[in-house]
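Novice: Numbering (the numbering used here), first residue to last: 3 to 94. Following this message is one structure expressed as structure tokens.
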């Protein structure tokens, strides 16, 4: 019989929420221009991947990881659109 306690993913869940908040902060503090738009997109996608993985793990703080994934997903969508517009302007 397995008497080991379930693995705790509390830290991972909280870090996923912080990753989503960092992605949101990158929208405000990223430098202007094409490079800043690319920075926002990369940070958003990285935070989304991390938060998505953390949200798939069970635990009492799973809602925090899901919230981080939602924030990072919204930032990724917005940053992708902004980057495409900036890239189109730069190439035209």
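We treat Cβ as the ideally placed atom computed from N, Cα and C, and that holds for glycine. Just so you know, these numbers come straight off a predicted model, no measurement behind them.
By the DSSP assignment, the alpha helix (DSSP H) with residue 58 in it spans what residues?
Specialist: Segment: none, residue 58 is in no alpha helix (DSSP H) and carries neither H nor E.
Novice: With respect to the alpha helix (DSSP H) encompassing residue 67, which residues constitute its N-terminal and C-terminal limits?
Specialist: 64–93
Novice: Which term fits residue 14, buried or exposed, when burial requires 16 or more other beta carbons within 10 angstroms of its beta carbon?
Specialist: buried
Novice: So what does DSSP say about residue 32, is it helix, strand or coil?
Specialist: coil
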